[in-house]
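In the order they appear, the protein sequences are chains A and B.
Per my numbering, the very first residue in the first sequence carries number 1; after that it's consecutive.
Per my numbering, the very first residue in the second sequence carries number 1; after that it's consecutive.
No residue lacks a Cβ here, since even glycine has one placed at the ideal position from N, Cα and C.
All values derive from a computational prediction rather than experimental measurement.
Below is one structure, written out as structure tokens; comments come after it.
Protein chains: 2
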Amino acid sequence: MPVYSAPTKDTQFILHDVLKVTEASTPGYDELEKAFTGAILEEAGKISSEVLHPLNTVGDQEGCRLENGVVYTPTGFKEAFEQVKDGGWTGLDMPEQYGGQNMPYVLGTAVGEYFSAANQAFVMYQGLTHGASAAILAHGTDAQKDTYLPKMISCEWTGTMNLTEPHCGTDLGLMRTKAEPQEDGSYKVSGQKIFISAGDHDMSDNVIHLVLAKIPGGPDGIKGVSLFIVPKFTLNEDGTPGARNGVSVGNIEKKMGIHGNSTCVMNYDEATGYLLGDAHKGMRAMFTMMNEARLGVGMQGVSQAEAAYQNAVEYAKDRLQGRDVTGVKNPDGPADPLIVHPDIRRSLMDQKSFVEGGRAFLLWGSTLIDQAHRDKNTDADGLVSLLTPVIKGFLSDEGYDMTVKAQQVFGGHGYIEEHGMSQYTRDARIAQIYEGANGVQALDLVGRKLAVDGGKYVMAFFELVKNFCKENTDLSEDFTKSFIAPLKAASKDLQAASMYFMQNGMKNPNNALSGSYDFMHMFGHVCLGLMWAQMGKAAQEALDAGASDAAFYETKIATGRYYMARRLPATKLHLARIETGADTVMALDAANF
Amino acid sequence: MPVYSAPTKDTQFILHDVLKVTEASTPGYDELEKAFTGAILEEAGKISSEVLHPLNTVGDQEGCRLENGVVYTPTGFKEAFEQVKDGGWTGLDMPEQYGGQNMPYVLGTAVGEYFSAANQAFVMYQGLTHGASAAILAHGTDAQKDTYLPKMISCEWTGTMNLTEPHCGTDLGLMRTKAEPQEDGSYKVSGQKIFISAGDHDMSDNVIHLVLAKIPGGPDGIKGVSLFIVPKFTLNEDGTPGARNGVSVGNIEKKMGIHGNSTCVMNYDEATGYLLGDAHKGMRAMFTMMNEARLGVGMQGVSQAEAAYQNAVEYAKDRLQGRDVTGVKNPDGPADPLIVHPDIRRSLMDQKSFVEGGRAFLLWGSTLIDQAHRDKNTDADGLVSLLTPVIKGFLSDEGYDMTVKAQQVFGGHGYIEEHGMSQYTRDARIAQIYEGANGVQALDLVGRKLAVDGGKYVMAFFELVKNFCKENTDLSEDFTKSFIAPLKAASKDLQAASMYFMQNGMKNPNNALSGSYDFMHMFGHVCLGLMWAQMGKAAQEALDAGASDAAFYETKIATGRYYMARRLPATKLHLARIETGADTVMALDAANF
């Protein structure tokens, strides 16, 4: 049976020692006092370990089933969902007006990581509801907000996002789902949507589908896509669920992982829908939520890696196999624990330094989202928009790799389902794919985000790194050597790659796009390098101030040193690849593959 | 439904244009004429595509089941097994004396790749039989050989290898299974073995288990382990299967992949066993087959990557999504095929350059095994022993990564089981784990193989690379720039890493072991770089000689250029990591993970 315990101390360290959230001027941040966030995190950790985590294996083994048009979730999900509902967790960062708690988004991210680590498939029912609520909040009329938000924020009704169709995922301009305007101002929505997470289930009284569709006669392609609210049950006059709408589940997909979440084929057959936002501006409406949604997927990468890591550590301490070559460590036992072996250490340090760095990156990104939304800070908005594909792509890729490394620590026991390590990899895998496959993230980063406002935000990022290095160059000789120097070098590599794109992407855009994936990873490493430098500094300050738990802070510094020494130099390889341009990548005729 | 077609032309290119097998002096190689190997490969390809491949999904979906102590394989396996049996494929490289065809091992590898690509779980029944036969051939008495080999080589009886126990896998010295000597010279074997591939099934008349166990009173630890033949049915006087032996299936493991193979918990309860080879020399007996067994697992990595790649290419050509940024390629369609996009190209080129380079590495390694066995060439034996952990570890790691990349090309369609791309990753995953987890391969490489005979074989490898570079430095300016220069640089990195280990491993062996995994990968890249340089040269020679299929050879050169430019520079990153030594890897107390 896998273990999971929420790393509340690590989260607190980032919130308070590194990001110093209560010192920020962002509205609502003054509430984030240490004791308060500590209490929230402890409570979230408790639910994660005690309620959600025990159902993770159950969900994987049972999956969801469709019987006579009704979707049933795995044993125990319904009861657990009630508990999460009762806790008001979905509305943590939603307006009080609609029953939310109006907390900053950063706290939602902190909590979300635990929930997701404990049971990714389960928490997606709630996560999709949160996303759909955010869309209605941003684009709905007052009447729509009043009608849907209180029920969705309480999770009495859940939400979904319907984008993909069988023949199009990334290229939504090819969409075929139609929305015919009706005389009463509503629409009749018809078409098929696939891969709809939490598409239907037995845990809520209604499901509010947000559906992208084309209004006939509108502009061609992506510019003619509109967003609609299509409830599973249309509402009675009094707002209660009434007649069944023309939407049904065609199938539940058999997937590699996240079995506990019902991924549905949804069939719309003249279903009554209501325009959300402006006609033909559906993609814009989706885009406004994209930073949050994609950050949430990057978070899944970190969360699965964290959960898998915790189990790998337990196993490595417990399993006796072989002897420490530098001297027996467990003389009374038949062998030493796995954790004495350097190659096991390498794997665990890769994992540890990634999840802790990734967590900091997620929380930093969340503070930028809060600044963008709560402060209307356009610089923060621009920066987080630039970082979003990195957060999504890099953290989900690395997160997946780390679950594979954690599984590997178990040897053959990792391959059988009994220990749950296979599930972590199978569940983590989806984060690299949905919400824009990672290749599309790389394209978004290099093909779109880099050049926004003449490169203003990427310059701001470099400035930020540069300033950090300049301000902290005299902290200590060791800090300069272990943290500042590698960060500078990596940032220089990233700048060189940007420069290469500028100089060579003009002649041939494929020179830039052939290096986009490498660039995304390179950027991710620099971000984690920056996070580790900040954490290293904060930990050193805590030690200098005589913090009682010295081992905690010393471990932070040692883990950061590992990242800077062993992981960050990957930027050089990425740069070398980027600088080879498109020639070798595009050399073959398609027929010769 | 996934596709698979055996890449016979590629195999022929390696056998005849690169390795020039018929020119080799190794006994039996003169028979490997182009037309002959072509006929064998075509036939093997046909069985792979038509018989084995269609059952791959079936095996994954149905799995094996245990009912009343009897193991049933998936629908169709039994009939397919008959066909493979009838074809005499298991005995391809076995002595004629026992019904084999006495072909070189290299041909077995070439065929094995196709079978494994078509249906890894299925072909393991046969592969384990081959392995067990090889052990009996190497260590059995004449009577044992006469009794078991004809039946096993014909696959009327299948074989298994029983090493792992619940509490020990890598560290077999901890083994608890006992073999009590009996008056008639036989033994009573008792204990539990786990993770026994093809442990039992319904496709053969008998299962011949090779079981590692300890004879009471023998030396402690690994030096007291002996190898036993334990048939499922003990044999009658006339050699036919008789009474059921004291061995039974405790369970079939639920695994991440290779569902079609019955991975069994085997319980031995005073089962009658016969010593194979010398008492207490069981590990040595296992080791003699290890190079072949491990090469076979590396082959699984390549084979799954090849199969997944073929499907990714099909999908990338077929799926219309987005437009080529350099100009529309499919003006009559609603969008261009995925394959126009540089990031898809990057992924496909990673896959293509790996599988083709990996195939060459496997076949080269197999010729070394042939030289070792058929020529009694100790230099070849030493070199292939050095390369074995690289072949196993690097090719299975990379092979797995490539299946993940192939799956990614499918976007969401890769995550659902329908397209079969998930199965390739789930099946490929095991190769990183069994037959010595890859961390153990790295340990074997750096902790044992490097230093054998004073580093004689690693020096021989460097010499081989150096000579190739020297001999081919004037081939053409382009060849020197695209192939020789990167190969030289990578080999230099590998030498620097070896040097680092020598200089720093003495003070502290952890300085070497902390870099062992990086070293294994670095070594793998250099080997594939060498393979690509050899293939590039052979392709250029074919073009210069006016070969009719110019596109084939030009594609080889272009693919090689990609590997040299984009993949091979990874050696620099590995070296940088290695040179940081053990400090950051071993910094934490175990309690602080």
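For residue i, count the other beta carbons within 10 Å of its own beta carbon; 16 or more makes it buried, fewer makes it exposed. Which is it?
i: Ser498 (chain B); result: buried
i: Gly63 (chain A); result: buried
i: Thr26 (chain B); result: buried
i: Gln182 (chain A); result: exposed
i: Asp544 (chain A); result: exposed
i: Asp589 (chain B); result: exposed
i: Val70 (chain B); result: exposed
i: Pro74 (chain A); result: buried
Residues of chain B with CB closer than 8 angstroms to the CB of residue i, please, in chain order.
i: Gly439 (chain A); result: His341, Asp343, Ile344, Ser347 and Gln408
i: Phe593 (chain A); result: Val313, Ala316, Lys317, Ile339, Leu348 and Lys352
i: Val325 (chain A); result: Gly447, Pro509, Asn510 and Leu513
i: Pro2 (chain A); result: Those do not exist, as Pro2 (chain A) stays about 15 angstroms from chain B at its closest Cβ, beyond 8 angstroms.
Whole angstroms is fine: what's the gap from residue i's alpha carbon to residue j's?
i: Leu450 (chain B); j: Tyr457 (chain B); result: 7 angstroms
i: Phe483 (chain A); j: Trp532 (chain A); result: 8 angstroms
i: Glu165 (chain B); j: Ala312 (chain A); result: 20 angstroms
i: Gly529 (chain B); j: Tyr563 (chain B); result: 7 angstroms
i: Asn267 (chain A); j: Lys317 (chain B); result: 28 angstroms
i: Met175 (chain A); j: Thr272 (chain A); result: 19 angstroms
i: Val3 (chain A); j: Ala307 (chain A); result: 8 angstroms
i: Phe461 (chain A); j: Asn511 (chain B); result: 36 angstroms
i: His201 (chain A); j: Ile153 (chain A); result: 17 angstroms
i: Ala305 (chain A); j: Asp332 (chain B); result: 45 angstroms
i: Asp10 (chain B); j: Pro342 (chain A); result: 39 angstroms
i: Ala489 (chain B); j: Asp583 (chain B); result: 27 angstroms
i: Tyr72 (chain B); j: Gln351 (chain B); result: 35 angstroms
i: Asp375 (chain B); j: Gly199 (chain B); result: 34 angstroms
i: Trp89 (chain A); j: Ser48 (chain A); result: 12 angstroms
i: Ile215 (chain B); j: Arg284 (chain B); result: 16 angstroms
Run through chain D and tell me which residues come within less than 9 angstroms of residue i, C-beta to C-beta.
i: Asn119 (chain A); result: No chain D is part of this structure, whose protein chains are labelled A and B.
Chain B partners of residue i, CB-CB under 9 angstroms?
i: Gly169 (chain A); result: Gln321, Gly411, Gly412 and His413
Could you name the residues of chain A that residue i contacts, counting a contact when the two beta carbons are closer than 8 angstroms?
i: Tyr562 (chain B); result: Thr584, Val585 and Ala587
i: Gln192 (chain B); result: Ordered by position in chain A, no residue passes the 8 angstroms Cβ test against Gln192 (chain B), which lies about 14 angstroms from the chain.
i: Phe361 (chain B); result: In chain order: nothing, as chain A lies at least about 20 angstroms away.
Whose Cβ in chain A lies nearer than 9 angstroms to the Cβ of residue i?
i: Tyr434 (chain B); result: Gly411, Gly412 and Tyr415
i: Leu227 (chain B); result: Going along chain A, no residue has its Cβ under 9 angstroms from Leu227 (chain B), so there is no contact; the nearest lies around 20 angstroms.
Quick check: is any heavy atom of the ligand PLP less than 8 angstroms from the C-beta of residue i?
i: Leu443 (chain B); result: The ligand PLP is absent from the structure shown, which contains no ligands of any kind.
Residues of chain A with CB under 7 angstroms from residue i, in chain order?
i: Ala565 (chain B); result: Thr580 and Thr584
So residue i contacts chain B; which residues on that side make the cut at Cβ distance below 7 angstroms?
i: Tyr517 (chain A); result: Asp343 and Arg346
Meets three-Cβ-pair contact criterion under 8 angstroms: the stretch 388-401 of chain A and the stretch 431-445 of chain A: yes
If contact means a Cβ-Cβ distance below 9 angstroms, which residues of the stretch 367-386 of chain A contact chain B? none
The stretch 289-296 of chain A / the stretch 373-389 of chain A touching (three or more Cβ pairs under 8 angstroms): By the C-beta criterion, the stretch 289-296 of chain A is judged to be in contact with the stretch 373-389 of chain A, since at least 3 inter-stretch pairs fall below 8 angstroms.
Taking any Cβ of chain A, which residues in the stretch 527-553 of chain B have a Cβ under 7 angstroms from it, in chain order? Ala551
The stretch 481-508 of chain A: which residues have C-beta closer than 8 angstroms to a C-beta of chain B, in chain order? Asn508
May I ask you to verify whether the stretch 301-316 of chain A touches the stretch 416-426 of chain A, counting CB pairs closer than 8 angstroms and requiring at least 3? yes
Would you be able to state if there are at least three C-beta pairs under 8 angstroms between the stretch 537-545 of chain A and the stretch 362-378 of chain A? no
Per the contact definition of three or more C-beta pairs closer than 8 angstroms, is the stretch 273-288 of chain B in contact with the stretch 296-303 of chain B? no
Does the stretch 167-187 of chain A come into contact with the stretch 214-225 of chain A, if we say contact requires no fewer than three beta-carbon pairs (one atom in each stretch) closer than 8 angstroms? yes
What residues in the stretch 279-296 of chain A bring their beta carbon closer than 9 angstroms to a beta carbon of chain B? Across the stretch 279-296 of chain A, no CB contact with chain B closer than 9 angstroms is found for any residue.
Given 8 angstroms as the limit, is there contact between the stretch 115-124 of chain A and the stretch 51-66 of chain A, that is, 3 or more CB pairs closer than that? Counting C-beta pairs with one atom in each stretch, the stretch 115-124 of chain A and the stretch 51-66 of chain A have three or more that are closer than 8 angstroms, which means they touch.
Give, in chain order, every residue of the stretch 208-219 of chain B whose Cβ lies closer than 7 angstroms to some Cβ of chain A. none
Stretch-stretch touch, CB-based, cutoff 8 angstroms, three pairs: the stretch 178-196 of chain A with the stretch 255-269 of chain A: The answer is yes - the stretch 255-269 of chain A touches the stretch 178-196 of chain A, with three or more Cβ pairs under 8 angstroms.
Count Cβ pairs between the stretch 73-81 of chain B and the stretch 141-150 of chain B that sit closer than 8 angstroms; are there 3 or more? no
Can you give me, in chain order, the residues of the stretch 240-253 of chain B that have a beta carbon less than 8 angstroms from any beta carbon in chain A? Cβ contacts with chain A: Glu253.
Can you give me, in chain order, the residues of the stretch 88-115 of chain A that have a beta carbon less than 8 angstroms from any beta carbon in chain B? none
Spell out a yes or no on whether the stretch 224-239 of chain A and the stretch 23-43 of chain A are touching, meaning 3 or more CB-CB pairs, one atom from each, closer than 8 angstroms. no
Taking any Cβ of chain B, which residues in the stretch 254-267 of chain A have a Cβ under 7 angstroms from it, in chain order? Residues of the stretch 254-267 of chain A with a Cβ closer than 7 angstroms to any Cβ of chain B, in chain order: Lys254, Lys255 and Met256.
Along the stretch 419-434 of chain A, where does the CB come closer than 7 angstroms to a CB of chain B? Name the residues. Ser422, Arg429, Ile430, Gln432, Ile433 and Tyr434
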